[in-house]
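Each residue of the sequence shown is one higher than the one before, starting from 118 at the first, in this note's numbering. Beneath this line is the structure, given in structure tokens, with notes to follow.
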Amino acid sequence: MGSRSNAFQSGAIDAIVEDENLLEAAYAIAERWSQWGTHTKEATKHLLDVQSIHDFETHLKHERTLIEAAGTTTAFKEGVTASRRFRKAQNRNF
Numbered sequence: 118m119g120s121r122s123n124a125f126q127s128g129a130i131d132a133i134v135e136d137e138n139l140l141e142a143a144y145a146i147a148e149r150w151s152q153w154g155t156h157t158k159e160a161t162k163h164l165l166d167v168q169s170i171h172d173f174e175t176h177l178k179h180e181r182t183l184i185e186a187a188g189t190t191t192a193f194k195e196g197v198t199a200s201r202r203f204r205k206a207q208n209r210n211f
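This is the structure:
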């Protein structure tokens, strides 16, 4: 197992947080995640749940399927349109 610095540099983790700042960092992540649309939150929770029962290749295929499914929703299309037009999306459920 490599060091946490190596994990951060390779992109395996997003941040290094000291023990005394762990709850504050977790709350910040939860706050960001709460802004996501319903489908994104459900898919992310599901992927976090099943990551321990799938091998890596299976997990990536499953993730790809969920991403493709998200891309077919009206809410996703609205989010892309808003992004392209540099405006806030009308439908936050993406």
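Glycine residues also receive a C-beta, built at the ideal position from the N, C-alpha and C atoms.
In this structure, DSSP gives residue 166 a helical state, which the three-state scheme calls helix.
DSSP places residue 157 within a helical segment (H, G or I) once states are collapsed to three. With 16 or more neighbouring CB atoms inside 10 Å of its own CB, residue 157 falls in the buried class. Look at residue 198 here: in three-state DSSP terms it is helix. The beta carbon of residue 124 sits closer than 8 Å to the beta carbons of 130 from its chain, once the five residues preceding and following it are set aside; these are given in chain order.
In the structure shown, residue 135 falls within a coil segment according to DSSP collapsed to helix, strand and coil. The three-state reading of DSSP puts residue 126 in helix, counting H, G and I together. Under the 8 Å Cβ criterion, the region 149 to 156 counts as touching the region 177 to 195, having at least three qualifying pairs. The residue among 172, 180, 145 with its C-alpha nearest the C-alpha of residue 162 is 180.
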